[in-house]
Amino acid sequence: MIMTTRRSGAAAWVLGVAVASAFFLASEAASSAAGAPHDYEEALRKSLLYFEAQRSGRLPHGQRVAWRDHSGLTDGLEQGVDLVGGYYDAGDHVKFGLPMAFTVTMLSWSLLEYGGDVAASGELAHALESIKWGTDYFIKAHTQPDELWAEVGDGDTDHYCWQRPEDMTTSRQAYKVDRERPGSDVAGETAAALAAASMAFRETNPHYAHLLLHHAQQLFEFADKYRGKYDSSIAEVKSYYASVSGYHDELLWAALWLHRATGRAAYLDYVVDNAHEFGGTGWAITEFSWDVKYAGVQLLATRLLLNGDHSERHRETLELYRAKAEHYVCANMGKNAAAEDNVERSPGGMLYVRQWNNMQYVTSAAFLLSVYSGYLKDAGAGERVACAAGDVGAEEMFGHARAQVDYVLGSNPRGISYLVGFGAKFPARVHHRAASIVPYKDRKEFIGCAQGFDDWFGRKSANPNVVVGAIVGGPDRRDRFKDDRVNYMQTEACTYNTAPMVGMFAMLNRVAREHGPISAPTPTTVTSQRQESSTGTAAA
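Residue numbers 1 to 540, in UniProt numbering, belong to the letters of the sequence shown in order.
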């Protein structure tokens with residue numbers, strides 16, 4: 001049913017906001033064309049509900065998604081470890097460590113950039129809960145300094161069945177990486193997630209933040225010392241979340257997050273000293289995903305350059321990182337010299353990378369463009385990106401990011417919101433086992449493996465449960481979309497599609513309320529919680 005390409009991130013490598021008033025008016029007109037202007041605060045609230053729908057384990061008393069119940073309560077039992085908890089990545093019930101960790105990294109990054117806006121919308125507690133549900137699981141899964149449980153369940157057997165998670169009869173075999181079977185990519189991404197999350201919790205739960213940072217540092221040491229691709233150690237993951245880009249990007253990514261969390265120069269030295277060998281200053285990338293982190297690496301490195309957070313010996317290499325970061329920006333703005341170096345756009349303006357779950361690239365690009373526009377604005381002195389087809393300023397960059405968000409919310413040729421549960425028209429037949437079957441609380445009798453296919457999968461009617469806040473795979477390169485449960489390329493949602501949007505929705509809600517000329521958001525106006533080192537010093 002679901003094969004490699006659905007999740008593949010690298011099969012083809014190859015704001016306060018100040019947009020010009022003309023662009024702002026055009027953007028508002030596009031929103032109005034699809035209906036009323038978008039309610040970003042509602043989008044924020046609903047996006048956070050999605051993570052509750054994806055929970056595995058024993059659900060808390062405060063669970064708001066009532067059609068879900070406890071599941072996966074014996075995960076890890078056969079291996080003698082407690083692996084209860086964490087997230088299902090999409091519409092099935094395998095717990096894949098690499099995309100789960102990336103989801104948590106992006107949720108945490110959202111708060112580090114736009115946490116003040118999330119708090120102002122009254123959703124900070126829910127956002128922190130969404131992060132903690134993942135980080136609590138990672139702490140359990142990190143059973144030894146050099147051991148990480150990277151998967152629970154088997155995609156092949158899981159996809160033979162269409163069941164609610166509460167009824168699972170499929171294998172719950174757990175798989176780990178360790179010294180003999182390394183997995184630098186999954187360990188590195190988990191280190192990045194825990195380091196980023198430690199900063200998100202530093203103010204509200206400093207003890208927990210310290211614990212997260214401890215695990216992050218151990219995992220990075222493990223990932224770096226025992227190098228290897230996790231899909232070479234865990235064959236079962238290859239058909240679903242193969243590490244096509246390898247592990248070098250995750251090592252650089254983790255080191256940058258640890259540098260941001262600790263302020264330790266050794267982590268920046270690592271990023272600079274390994275820049276060439278690991279491809280950080282070599283790969284010119286046009287996408288950012290759970291697999292390919294290079295654009296994120298290059299952007300974070302550029303942030304240090306713009307802020308002056310480096311020694312003189314680092315400058316030359318950080319300038320090389322900046323050149324590659326700006327290649328990504330220019331690609332998404334359509335301003336690189338060669339057409340093949342630019343990201344395609346649909347007639348309706350959507351960034352288009354590939355057929356399967358294209359929305360993951362739309363939401364990640366919107367986030368990176370918005371964040372980078374803020375970094376440029378904060379750097380001042382008229383900082384711009386020099387693209388072959390013309391310079392790009394912070395305002396134009398942010399405007400493009402906002403346009404992608406508005407496309408997701410319904411400002412598109414079909415007038416459909418690809419954020420489920422938002423707006424008057426959204427996908428009703430999401431490819432999602434739990435959402436497509438009667439809720440467990442309403443019908444507790446067991447629904448078997450094949451019975452789900454026979455009785456529920458093929459129904460033409462809408463799902464009985466709305467998986468609110470999910471962002472589905474979305475339309476094709478010509479803005480065409482078929483709302484059909486069988487059409488998993490377009491109607492399946494993934495946690496990493498929604499994660500980058502949490503901060504974006506919150507920030508755009510503030511911008512919409514301010515009603516002034518929009519400018520790229522700066523760190524001081526975005527959040528008072530953006531803290532950059534273990535000393536607790538807020539960003540200037």
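Think of the CB as a built atom: it goes at the ideal place given N, C-alpha and C, for glycine as much as any other residue.
* Same chain, Cβ closer than 6 Å to Thr-169, five either side skipped, listed in chain order -> Cys-449
* To do: Tell me whether the beta-carbon of Leu-212 lies closer than 8 Å to the beta-carbon of Phe-201.
  => yes
* Leaving out five residues before and five after Tyr-440 in sequence, what residues of the same chain have Cβ atoms less than 7 Å from its Cβ? -> Asp-69, Arg-164, Glu-166
* Asked: Quick one, are the C-beta atoms of Trp-356 and Lys-293 less than 8 Å apart?
  -> no
* Go through its chain and collect everything with a Cβ distance to Leu-300's Cβ below 7 Å, but skip five positions before and after it. => Leu-256
* What number of angstroms, rounded off, separates the C-alpha of His-431 from the C-alpha of Pro-500? -> 21 Å
* For Glu-151, the first and last residue of its enclosing alpha helix (DSSP H) -> Counting along the chain, Glu-151 falls outside any alpha helix (DSSP H), though it belongs to the beta strand (DSSP E) covering 148-152.
* C-beta atoms of Ser-71 and Ser-56 nearer than 8 Å -> yes
* Can you tell me which of the three DSSP states Tyr-140 falls into? => In the sequence on display, residue 140 carries Lys and not Tyr. In the structure shown, Lys-140 sits in a helix (DSSP, three-state: H, G or I).
* Where Ser-411 and Gly-348 are concerned, what is the direct C-alpha to C-alpha distance, given to the nearest angstrom? -> 9 Å
* Asked: Based on Cα-Cα distance, which residue from Arg-64, Ala-265, Pro-145, Val-466 lies nearest to Asn-433?
  -> Here residue 433 is Arg; the residue named in the question, Asn, does not match the sequence. For Arg-433, the nearest C-alpha among the options comes from Val-466.
* To do: Give the straight-line distance between the Cα atoms of Phe-446 and Met-507, rounded to the nearest whole angstrom.
  => 44 Å
* Please report the residue range of the beta strand (DSSP E) in which Ala-177 lies. => Per the sequence shown, residue 177 should be read as Val rather than Ala. Unbroken beta strand (DSSP E) run through Val-177: 174-177.
* Length of the line joining the Cα atoms of Tyr-160 and Ala-216 -> 36 Å
* Can you list, in chain order, the residues of its chain whose CB lies under 7 Å from that of Ala-339, leaving out five sequence neighbours each side? -> none
* **Cβ-based burial, Asp-89 [other Cβ within 10 Å; buried from 16]** => buried
* Output the distance between the C-alpha atoms of Tyr-40 and Asn-509, rounded to the nearest integer angstrom. => 5 Å
* To do: State the DSSP-derived secondary structure class of Ala-493, mapped to helix, strand or coil.
  => strand
* So, is Asp-92 buried or exposed, given that buried needs 16 or more other C-beta atoms within 10 angstroms? -> buried
* When you compare only the Cα positions, how much space is there between Val-468 and Tyr-418? -> 11 Å
* Asked: Between the beta-carbon of Asp-154 and the beta-carbon of Val-94, is there less than 8 Å?
  -> yes
* Is the distance from the Cβ of Gly-76 to the Cβ of Ala-196 below 8 Å? -> no
* **Cβ-Cβ separation, Tyr-230 to Ser-243 (assumed contact under 8 Å), whole Å** => 6 Å
* **Residues that Gly-448 bridges to, as DSSP identifies them** => Gly-448 pairs with nothing; no bridge assigned.
* Could you pull out every residue in the same chain whose Cβ sits closer than 6 Å to the Cβ of Ala-388, ignoring the five residues on either side in sequence? => Asn-336, Ala-337
* Under a Cβ-count criterion, where at least 16 other Cβ atoms within 10 Å of its own Cβ denotes burial, should Gly-415 be classed as buried or exposed? -> exposed
* For Asp-391, the nearest candidate out of Tyr-372, Gly-86, Cys-330 (CA to CA) -> Cys-330
* Taking the continuous alpha helix (DSSP H) assigned at Glu-340, which residues delimit it? -> Neither: Glu-340 is in no alpha helix (DSSP H) and is coded neither H nor E.
* To do: Have a look at Ile-471 and Glu-312 and give me their C-alpha separation to the nearest angstrom.
  => 43 Å
* Asked: Out of curiosity, what's the CA-to-CA distance linking Gln-490 and Pro-475?
  -> 6 Å
* Asked: According to DSSP, is Lys-377 helix, strand or coil?
  -> helix
* Asked: By the 10 Å Cβ neighbour count, where 16 or more other Cβ atoms means buried, how is Asp-291 classified, buried or exposed?
  -> buried
* Which value, in whole angstroms, describes the spacing of the CA atoms of residue 546 and Ser-364? -> In the structure as shown, the chain starts at 1 and stops at 540, and residue 546 therefore has no counterpart that could be examined.
* **Option in Ala-435, Ile-139, Asp-146 with minimal Cα separation from Ala-209** => Ile-139
* Identify the continuous alpha helix (DSSP H) that holds Trp-109 and give its terminal residues. => 97-120
* To do: State the DSSP-derived secondary structure class of Arg-478, mapped to helix, strand or coil.
  => coil
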